[in-house]
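A short write-up of the structure that comes next.
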Amino acid sequence: AQKITQTQPGMFVQEKEAVTLDCTYDTSDQSYGLFWYKQPSSGEMIFLIYQGSYDEQNATEGRYSLNFQKARKSANLVISASQLGDSAMYFCAMRDSGGSNYKLTFGKGTLLTVNP
Amino acid sequence: GAVVSQHPSRVICKSGTSVKIECRSLDFQATTMFWYRQFPKKSLMLMATSNEGSKATYEQGVEKDKFLINHASLTLSTLTVTSAHPEDSSFYICSARERDRYNSPLHFGNGTRLTVT
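Residue numbers (the numbering used here), protein chains in the order written: chain E, 1 to 116; chain H, 117 to 233.
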């Protein structure tokens, strides 16, 4: 069974500073994908960044980067230059490579609050 | 970008009635759609996976007779909460994967907040 662990229920960061949101995973698959989603209070799920298990370089998307450490099975999200609009829930998720549906399993999430 | 439209965004119904939630992929074909349920301040829990033209696959503990899922076309999946009770009150959110794009992120609808009185 696949498992995603986010150990930080809540995080606070000052505006313009960087913040790292932790995510560890457990899988016996060799091929898998890791995703980060942002969920504002309005409820929609916004895709942020993707890292494939065979990708040698860490993924980056604008202010978002993924610190992928395969041996440690961690996929931490780094947000640089935090903005007030970054305040939201952040979910780490893993794509299941078993079967043909490739469903996502989500961690419990981290509530990020950006302070002015 | 790929857009998933979920309707309604909010619904209030009386106990014992049924509610249908629609999930449409607007600009892509979705062979697979997923239905999640989310309690306040909790994570998304997968309820079922639906593939176009076949029966949905339900996760363990999800009552298939209560949560009816239909995926009749490549752009539409529906979730019907039958004989709703207050404990069914929750945030339901659908997601879709583009056809033949297994590494692409899931595209999510904006969710439906169901309140059963």
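Cβ coordinates follow ideal geometry from the N, Cα and C atoms, glycine included.
Of the candidates E:S80, E:A81, E:G62 and E:I49, E:I49 places its Cα closest to the Cα of F68 (chain E).
Residues of chain H with a Cβ closer than 7 Å to the Cβ of F12 (chain E) do not exist, since the nearest Cβ in that chain sits about 17 Å away. Annotated three-state conformation of L190 (chain H) is coil, per DSSP.
For M94 (chain E), no Cβ of chain H is located within less than 8 Å of the residue's own Cβ.
Look at the segment 147-161 of chain H: the residues with a C-beta under 9 Å from a C-beta of chain E are T148, F150, Y152, Q154, K157, K158, S159, L160 and M161. In this structure the segment 75-92 of chain E does not touch the segment 177-197 of chain H; the number of beta carbon pairs closer than 8 Å is below three. Straight-line spacing of the CA atoms in F155 (chain H) and S53 (chain E) works out to 30 Å. The continuous beta strand (DSSP E) containing V135 (chain H) extends over residues V135 to S141. When C-alpha distances from S206 (chain H) are compared across H:H223, H:P221, H:S199 and H:G227, the shortest belongs to H:G227. In the DSSP secondary-structure assignment, N226 (chain H) is not bridged to any residue. D204 (chain H) carries a helical assignment under DSSP once its states are collapsed to helix, strand and coil.
Within chain E, the residues whose beta carbon sits less than 7 Å from that of F224 (chain H) are E44 and M45, listed in sequence order. Non-local beta-carbon contacts of S220 (chain H) in its own chain, meaning distances under 6 Å to residues more than five positions away in sequence, involve E214 in chain order. In the pairwise beta carbon analysis, the segment 167-175 of chain H is classified as not touching the segment 55-69 of chain E: fewer than three pairs are separated by under 8 Å. Under the three-state reduction of DSSP, D26 (chain E) is assigned to strand.
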